[in-house]
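Trainee: Chains as they are written, first to last, in this note's numbering: chain D, 44 to 382; chain A, 44 to 382.
There are 2 protein chains.
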Amino acid sequence: MATIARAAGVSVPTVSRVLSGDDQVAAATRVRVERMIDEYGYRARKTRPPASPELIHVIYPRLDTAWQVEHIRGMESVTQEAGVGLIVSALDRGPAGKKDLLRRAHTGQAAGAILAAASGDTSLGTVLGQLNVPVVTLDPGAKAAANLPTIGAANFLGARAATEHLVALGHRRIGTITGSQGGLLCSRARLDGYRAALEAAGIAEDPSLIRHGEFEYRSGVASARQLLDLVDPPTAIFAFSDYIALGVYEAARMRGLSIPGQLSVVGFDDLPAARWASPPLTTVRQPLQDMGSLAARTVLNLARRKALESPRMELDTRLVERGSSASPPRSDRRGGVTA
Amino acid sequence: MATIARAAGVSVPTVSRVLSGDDQVAAATRVRVERMIDEYGYRARKTRPPASPELIHVIYPRLDTAWQVEHIRGMESVTQEAGVGLIVSALDRGPAGKKDLLRRAHTGQAAGAILAAASGDTSLGTVLGQLNVPVVTLDPGAKAAANLPTIGAANFLGARAATEHLVALGHRRIGTITGSQGGLLCSRARLDGYRAALEAAGIAEDPSLIRHGEFEYRSGVASARQLLDLVDPPTAIFAFSDYIALGVYEAARMRGLSIPGQLSVVGFDDLPAARWASPPLTTVRQPLQDMGSLAARTVLNLARRKALESPRMELDTRLVERGSSASPPRSDRRGGVTA
Numbered sequence: 044m045a046t047i048a049r050a051a052g053v054s055v056p057t058v059s060r061v062l063s064g065d066d067q068v069a070a071a072t073r074v075r076v077e078r079m080i081d082e083y084g085y086r087a088r089k090t091r092p093p094a095s096p097e098l099i100h101v102i103y104p105r106l107d108t109a110w111q112v113e114h115i116r117g118m119e120s121v122t123q124e125a126g127v128g129l130i131v132s133a134l135d136r137g138p139a140g141k142k143d144l145l146r147r148a149h150t151g152q153a154a155g156a157i158l159a160a161a162s163g164d165t166s167l168g169t170v171l172g173q174l175n176v177p178v179v180t181l182d183p184g185a186k187a188a189a190n191l192p193t194i195g196a197a198n199f200l201g202a203r204a205a206t207e208h209l210v211a212l213g214h215r216r217i218g219t220i221t222g223s224q225g226g227l228l229c230s231r232a233r234l235d236g237y238r239a240a241l242e243a244a245g246i247a248e249d250p251s252l253i254r255h256g257e258f259e260y261r262s263g264v265a266s267a268r269q270l271l272d273l274v275d276p277p278t279a280i281f282a283f284s285d286y287i288a289l290g291v292y293e294a295a296r297m298r299g300l301s302i303p304g305q306l307s308v309v310g311f312d313d314l315p316a317a318r319w320a321s322p323p324l325t326t327v328r329q330p331l332q333d334m335g336s337l338a339a340r341t342v343l344n345l346a347r348r349k350a351l352e353s354p355r356m357e358l359d360t361r362l363v364e365r366g367s368s369a370s371p372p373r374s375d376r377r378g379g380v381t382a
Numbered sequence: 044m045a046t047i048a049r050a051a052g053v054s055v056p057t058v059s060r061v062l063s064g065d066d067q068v069a070a071a072t073r074v075r076v077e078r079m080i081d082e083y084g085y086r087a088r089k090t091r092p093p094a095s096p097e098l099i100h101v102i103y104p105r106l107d108t109a110w111q112v113e114h115i116r117g118m119e120s121v122t123q124e125a126g127v128g129l130i131v132s133a134l135d136r137g138p139a140g141k142k143d144l145l146r147r148a149h150t151g152q153a154a155g156a157i158l159a160a161a162s163g164d165t166s167l168g169t170v171l172g173q174l175n176v177p178v179v180t181l182d183p184g185a186k187a188a189a190n191l192p193t194i195g196a197a198n199f200l201g202a203r204a205a206t207e208h209l210v211a212l213g214h215r216r217i218g219t220i221t222g223s224q225g226g227l228l229c230s231r232a233r234l235d236g237y238r239a240a241l242e243a244a245g246i247a248e249d250p251s252l253i254r255h256g257e258f259e260y261r262s263g264v265a266s267a268r269q270l271l272d273l274v275d276p277p278t279a280i281f282a283f284s285d286y287i288a289l290g291v292y293e294a295a296r297m298r299g300l301s302i303p304g305q306l307s308v309v310g311f312d313d314l315p316a317a318r319w320a321s322p323p324l325t326t327v328r329q330p331l332q333d334m335g336s337l338a339a340r341t342v343l344n345l346a347r348r349k350a351l352e353s354p355r356m357e358l359d360t361r362l363v364e365r366g367s368s369a370s371p372p373r374s375d376r377r378g379g380v381t382a
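1. Are any of the Cβ atoms in chain A nearer than 8 Å to that of S223 (chain D)?
2. Who pairs with A196 (chain D) in a beta bridge, going by DSSP?
3. Under three-state DSSP, which class holds D285 (chain D)?
4. Quick one: is R147 (chain A) buried, meaning 16 or more other Cβ sit within 10 Å of its Cβ, or exposed?
5. Could you give the DSSP three-state label for G128 (chain A): helix, strand or coil?
6. So which residues of chain D does V131 (chain A) contact, with C-beta pairs closer than 7 Å?
7. Could you have a look at H100 (chain A) and say whether DSSP puts it in helix, strand or coil?
8. Could you pull the DSSP bridge partners for V363 (chain A) from this structure?
9. In three-state DSSP terms, what is T122 (chain D)?
10. Please say whether L167 (chain A) and I102 (chain A) have beta carbons closer to each other than 8 Å?
11. Drop a sphere of 10 angstroms on the beta-carbon of R216 (chain D), count the other beta-carbons inside from all chains shown, and report buried for 16 or more, exposed for fewer.
12. Report buried or exposed for R254 (chain D), applying the criterion of at least 16 other Cβ atoms within 10 angstroms of its Cβ.
13. Does any residue of chain B bring its CB to less than 8 Å from the CB of S321 (chain D)?
14. Run through the DSSP bridge pairs and tell me what G310 (chain D) is partnered with.
15. How about E387 (chain D): is its C-beta nearer than 8 Å to some C-beta of chain A?
16. So, is L351 (chain D) buried or exposed, given that buried needs 16 or more other C-beta atoms within 10 angstroms?
17. By the three-class DSSP mapping on this structure, what secondary structure does V179 (chain A) have?
18. Which whole-angstrom value describes the C-beta separation of L129 (chain D) and S132 (chain A), a residue pair presumed to lie in contact below a C-beta threshold of 8 Å?
19. In chain D, which residues lie with their C-beta within 8 Å of the C-beta of Y260 (chain A)?
20. From this set, D:Y237, D:I220 and D:P303, which residue's C-alpha is nearest R268 (chain D)'s C-alpha?
21. Please report whether the beta-carbon of Q305 (chain A) lies at a distance below 8 Å from any beta-carbon of chain D.
22. State the DSSP-derived secondary structure class of I302 (chain D), mapped to helix, strand or coil.
23. Would you please verify whether the beta carbon of T206 (chain D) is less than 8 Å from any beta carbon of chain A?
24. So, using beta-carbon positions, are R60 (chain D) and V68 (chain D) closer together than 8 Å?
25. How about R296 (chain A): is its C-beta nearer than 8 Å to some C-beta of chain D?
26. List the DSSP bridge partners of A153 (chain A).
27. Between which two residues does the alpha helix (DSSP H) holding G218 (chain D) run?
28. In chain order, what residues of the same chain lie with their CB nearer than 6 Å to the CB of D313 (chain D), ignoring the 5 residues before and after it?
29. Between D:A159, D:K142, D:A202 and D:L174, which has its C-alpha nearest P183 (chain D)'s C-alpha?
30. Along chain D, in chain order, which residues have C-beta atoms closer than 8 Å to that of Q67 (chain A)?
31. So, are the CB atoms of L98 (chain D) and A161 (chain D) less than 8 Å apart?
32. Can you name, in chain order, every residue of its own chain whose Cβ lies under 8 Å from the Cβ of V127 (chain D), other than the five neighbours on each side?
33. For A196 (chain D) and P315 (chain D), which I take to be in contact (beta-carbon distance under 8 Å), what is that distance rounded to the nearest angstrom?
34. Which partner residues of I159 (chain D) appear in the DSSP bridge assignment?
35. Could you tell me which residues DSSP puts in a beta bridge with E248 (chain A)?
36. Under a Cβ-count criterion, where at least 16 other Cβ atoms within 10 Å of its own Cβ denotes burial, should D285 (chain D) be classed as buried or exposed?
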């Protein structure tokens with residue numbers, strides 16, 4: 044700190060105030076000090092014993108969906124046992140959450156950060172890396188930051204299993220609603236899984252059966268209505284999330300179609316709501332809690348300078364068969380093959 | 044600290060290590076230091092400027108339900124703006140989470156705590172009070188800690204509105220599933236609201252129509268089946284949570300009863316899943332996000348030594364009419380009055 048203070052021509056307390064994010068420091072002074080910090084590669088973390096991390100931050104783009112509780116439950120079980128506090132924050136409120144994390148990174152309070160559900164797509168990971176704060180991305184978005192350890196689910200295999208299940212029941216016209224126009228990694232992997240299962244069954248892909256929506260209930264309703272409006276509609280729909288699948292339920296109800304008698308539906312995630320749907324939803328289980336605890340364990344290991352087993356970890360997914368999938372209506376059983 | 048060190052016959056760093064929860068301190072030394080701390084009324088907090096709290100803890104009995112994300116979203120919007128970290132933890136993993144909070148209380152890092160969803164029923168509130176850490180209970184359990192500020196929802200008024208809505212539709216036999224055998228405060232208030240509406244409508248209470256279950260989907264299925272098994276079953280069911288209401292949906296589906304044609308259902312909470320049910324669920328909206336932000340604002344105000352407007356705050360609830368409630372089937376419209 045003394046070196047930086049000398050180099051920037053300020054006092055040591057001023058450097059300390061810049062590092063702690065004090066707003067009272069004049070902007071020009073702050074810039075000068077920060078430049079010196081960059082130049083001298085000041086790392087507050089190095090002054091701390093590596094084995095006593097205090098706080099782990101988990102950052103979401105928004106806090107708005109039920110599966111985040113599953114993640115957080117998994118993370119918290121690990122951080123609690125380690126005597127570390129889990130700070131939960133979101134990026135949709137403006138820069139304050141990010142600023143807070145960076146201030147704690149500077150002062151050495153932040154032992155690490157988990158960038159969850161595509162928040163790793165921001166520059167935050169890079170900045171934290173420069174501050175020597177361990178970062179793990181959990182379920183990355185469109186582009187996984189190449190240099191960050193990543194934890195995800197076996198999206199390809201899960202989607203293939205879901206589609207194979209519908210094929211095995213006798214469905215040939217299987218619609219799908221992907222949930223991501225922008226091409227999130229998880230969506231692309233699921234679409235590949237769907238295609239692989241069709242190809243293995245010798246079913247030609249029909250582009251009209253693939254709808255790109257959002258990972259939302261509302262989008263599920265709209266996309267399912269489009270699919271059911273086709274001249275040759277699907278007898279089954281594989282939705283890329285449980286929320287989308289619940290939207291398909293509503294679209295079917297509006298048409299008076301019974302599930303699974305007239306339309307089979309399979310989801311992805313296995314949120315509590317899947318079990319509670321009427322009929323209970325057949326879906327692909329993502330181990331959200333395990334993904335959360337693995338992310339927390341990984342970031343703590345990095346904070347303790349332990350080596351990682353692998354920079355990229357995919358946890359298993361598995362099909363959970365419930366009441367929303369059955370054989371297609373008899374009249375459709377041999378019809379509708381597009382080849 | 045020097046005074047305590049002298050009194051306990053140890054060094055200042057030892058006192059500091061006890062305060063920070065360092066496990067390396069011999070048990071006997073720790074006890075001696077802690078006794079001196081008690082005696083001298085040492086409060087780490089008092090040495091800090093009151094206007095710069097650092098961390099707020101929110102404690103749940105368990106992290107397991109979707110509405111916790113709503114709470115956390117509300118809290119986090121307030122703490123983030125204040126530059127305060129929100130630490131989320133649960134009590135079901137053993138004593139580690141509590142110990143962590145107490146350690147941060149001792150060192151002055153914890154600016155306050157929110158004891159949510161009945162975790163205020165533990166002794167934690169008392170202990171934190173002794174440490175001068177501001178505490179707020181959010182949606183208290185069976186007994187609201189008398190001396191702690193409390194934030195809840197207008198449960199009585201919400202339940203009365205739900206029941207009045209069903210009465211206005213022409214229902215006379217209205218079943219209810221309370222969700223709490225142990226008598227949580229929120230359940231008792233909702234039951235009172237249900238009774239008040241029946242009484243105002245001149246409908247005598249039928250004890251066979253009141254079922255005490257748990258706040259769970261599974262319990263909703265079981266309780267609804269019992270109600271539908273009655274010789275004179277209800278034409279409407281008011282469930283004390285959306286999860287219970289979804290269980291009623293499943294029980295109705297198993298009986299082949301259509302909602303709302305043959306059975307009306309009203310829930311409580313207005314979780315996202317309520318909108319996404321088939322048909323969308325009529326329910327009482329609890330402002331979960333607002334309750335979370337009010338809890339965070341209150342605890343921050345206490346940390347900054349600001350006076351509270353009131354020690355008990357109830358936020359408004361309101362009925363949201365959707366597709367699951369309608370007039371009873373014609374044959375039932377005048378039948379079933381128990382008087």
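In this text, a Cβ means the ideal position worked out from N, Cα and C, and glycines have one as well.
Mentor: The structure says:
1. Walking along the first sequence from the start, residue 223 (chain D) turns up at place 180. So no, S223 (chain D) is outside the interface.
2. Sequence index remark: in the first sequence, residue 196 (chain D) carries index 153 (1-based). Partner(s): D:L358.
3. Locating residue 285 (chain D) in the first sequence gives position 242, where the first residue counts as 1. Three-state DSSP puts D285 (chain D) in a helix.
4. Numbered from 1 along the second sequence, position 104 holds the residue referred to as residue 147 (chain A). Buried: at least 16 other Cβ atoms inside 10 Å.
5. Residue 128 (chain A) sits at position 85 when you count from the first residue of the second sequence. Correct three-state label for G128 (chain A): strand.
6. In the second sequence, counting from the first residue as 1, residue 131 (chain A) sits at position 88. The contacting residues are I115, E119, L129 and V131.
7. One-based indexing of the second sequence puts residue 100 (chain A) at position 57. Reduced to three states, the DSSP call for H100 (chain A) is strand.
8. The residue labelled residue 363 (chain A) in the question sits at position 320 within the second sequence. In the DSSP output, where bridge partners are listed per residue, V363 (chain A) has A:T326.
9. Here residue 122 (chain D) is taken as the residue at index 79 of the first sequence, counted from 1. T122 (chain D) falls in the helix class under three-state DSSP.
10. For the purposes of this step, residue 102 (chain A) is taken as the residue at position 59 of the second sequence. For the purposes of this step, residue 167 (chain A) is taken as the residue at position 124 of the second sequence. Yes, they are a contact pair.
11. One-based indexing of the first sequence puts residue 216 (chain D) at position 173. Result: buried.
12. Taking the first sequence and counting its residues from 1, the one referred to as residue 254 (chain D) is at position 211. So R254 (chain D) counts as buried.
13. The structure shown contains no chain B; its protein chains are D and A.
14. In the first sequence, residue 310 (chain D) corresponds to position 267, counting from 1. Partner(s): D:T326.
15. For chain D, the structure presents residues 44 to 382; residue 387 (chain D) sits outside this window and is missing.
16. Here the question's residue 351 (chain D) lines up with position 308 in the first sequence. By the 10 Å Cβ count, L351 (chain D) comes out exposed.
17. One-based indexing of the second sequence puts residue 179 (chain A) at position 136. In the structure shown, V179 (chain A) sits in a strand (DSSP, three-state: E or B).
18. Translated into the one-based positions of the first sequence, residue 129 (chain D) becomes position 86. Translated into the one-based positions of the second sequence, residue 132 (chain A) becomes position 89. Correct: roughly 7 Å between the Cβ atoms.
19. One-based indexing of the second sequence puts residue 260 (chain A) at position 217. P315, R318 and W319, listed in chain order.
20. Here residue 268 (chain D) refers to the residue found at position 225 when the first sequence is read from its first residue. Closest option to R268 (chain D), Cα to Cα, is D:I220.
21. As a working mapping, residue 305 (chain A) is identified with position 262 in the second sequence. False, the Cβ-Cβ gap to chain D never drops below 8 Å.
22. Here residue 302 (chain D) corresponds to residue number 259 of the first sequence, with the count starting at 1. Note: I302 (chain D) maps to coil in three-state DSSP.
23. Within the first sequence, numbered from 1, the residue matching residue 206 (chain D) stands at position 163. It does not: the Cβ of T206 (chain D) has no partner Cβ on chain A nearer than 8 Å.
24. Translated into positions along the first sequence, residue 60 (chain D) becomes position 17. Translated into positions along the first sequence, residue 68 (chain D) becomes position 25. A contact, by the Cβ cut-off of 8 Å.
25. Here residue 296 (chain A) refers to the residue found at position 253 when the second sequence is read from its first residue. Judged by the 8 Å Cβ criterion, R296 (chain A) is in contact with chain D.
26. By 1-based counting over the second sequence, the position of residue 153 (chain A) is 110. According to DSSP, A153 (chain A) bridges with A:L98.
27. Start at 1 with the first residue of the first sequence, and residue 218 (chain D) comes out as number 175. It is not in any alpha helix (DSSP H) - G218 (chain D) instead sits in the beta strand (DSSP E) that spans I217 to I220.
28. Mapped onto the first sequence, residue 313 (chain D) falls at position 270. Excluding positions up to five away in sequence, the list reads T326, R328 and V363.
29. Stepping through the first sequence from its first residue, residue 183 (chain D) is reached at position 140. When only C-alpha atoms are compared, the closest one is D:A159.
30. Here residue 67 (chain A) refers to the residue found at position 24 of the second sequence. Near Q67 (chain A) there are no residues of chain D at all, since even the closest Cβ is about 11 Å away, more than 8 Å.
31. Locating residue 98 (chain D) in the first sequence gives position 55, counting from the first residue. Locating residue 161 (chain D) in the first sequence gives position 118, counting from the first residue. Not in contact: L98 (chain D) and A161 (chain D) (Cβ atoms no closer than 8 Å).
32. As a position in the first sequence, residue 127 (chain D) is number 84, starting the count at 1. Cβ within range, chain order: P96, E97, L98, I99, A154 and L343.
33. Residue 196 (chain D) sits at position 153 when you count from the first residue of the first sequence. Residue 315 (chain D) sits at position 272 when you count from the first residue of the first sequence. Contact flag wrong, Cβ pair sits at about 17 Å.
34. The residue you call residue 159 (chain D) lines up with position 116 of the first sequence. Checking the sequence shown, residue 159 (chain D) turns out to be Ala, not Ile. A159 (chain D) is bridged to D:L181.
35. Here the question's residue 248 (chain A) lines up with position 205 in the second sequence. DSSP lists no partner for E248 (chain A).
36. Start at 1 with the first residue of the first sequence, and residue 285 (chain D) comes out as number 242. By the neighbour-count rule (16 or more Cβ atoms within 10 Å), D285 (chain D) is buried.
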